[in-house]
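Counting from 1, position 10 in the sequence shown corresponds to residue 1001 in the working numbering; the numbering is continuous, with no gaps.
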Amino acid sequence: MAKGCREGRPCGVDGCRQRHHRLLHPSSTTESPRLARSGRARQGLLAARGVPGGCLQTVRARAYGPDGNHVLVNCLFDTGAEVSFIRKDVADVLGLTGPHERCRITTLGGRVGPERRWRRVEFRLGAAEGSGRR
């Protein structure tokens, strides 16, 4: 991921020396060995070369659960997406629940992934610092 990045200085999150933006630094949570072996849960990052000057829109925000509990999150905006995703560990911390659904992800190039089971949840985003308004 950091290989093609033009970021001039190291990330610095938890002493990271890689040259990527700090908002793109991987989560410090670790996968359980059972899930890692089974291949059922995967996390990945994708880097693609594109138009010079193009960049991903990111923002630091506060995610709120139904009981008012909250956590700071890094948001990656994809204006072409039909749905948004939240990591399972964040949803668990916020106490989010909802119905399970089956879906397939189709990329811009038309590649269709395998059917997966997801949980539809609802939460609110607010300013990371300051007013506390949602």
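Note that CB positions come from ideal geometry on N, CA and C, so glycine has one too.
Using DSSP with H/G/I as helix, E/B as strand and the rest coil, what is A1118?
-> strand
Return the chain-ordered list of same chain residues with a C-beta closer than 6 Å to the C-beta of C1002, the five sequence neighbours on each side being excluded.
-> Q1009, H1011, R1013, H1016
Expected contact under 8 Å - CB spacing of G1086 and E1113 to nearest Å | With 8 Å as the limit, G1086 and E1113 do not qualify as a contact, their Cβ atoms being about 12 Å apart.
Can you name the residues that DSSP bridges to N1065?
-> R1051
Would you mind working out which of C1094, R1095, T1097, A1052 sits nearest V1081, comparing C-alpha positions?
-> Comparing Cα-Cα distances from V1081 to each of C1094, R1095, T1097, A1052, the minimum goes to A1052.
Given G1056, which residues of its chain have a CB within under 7 Å of its CB, disregarding the five upstream and five downstream residues?
-> L1085, G1086, L1087, F1114
Who pairs with E1113 in a beta bridge, going by DSSP?
-> The partner list for E1113 (beta bridge, DSSP) is empty, contrary to what the question assumes.
Identify whether H1081 lies in helix, strand or coil by the three-state DSSP scheme.
-> Inspection of the sequence shows that residue 1081 is occupied by Val rather than by His. Of the three classes helix, strand and coil, the one that applies to V1081 here is helix, per DSSP.
With a CB to CB cut of under 6 Å and the five nearest residues on each side skipped, what residues in its chain are close to H1091?
-> R1108, R1110
Would you kindly work out how many angstroms separate the C-alpha atoms of H1061 and F1068, rounded to a whole number?
-> 20 Å
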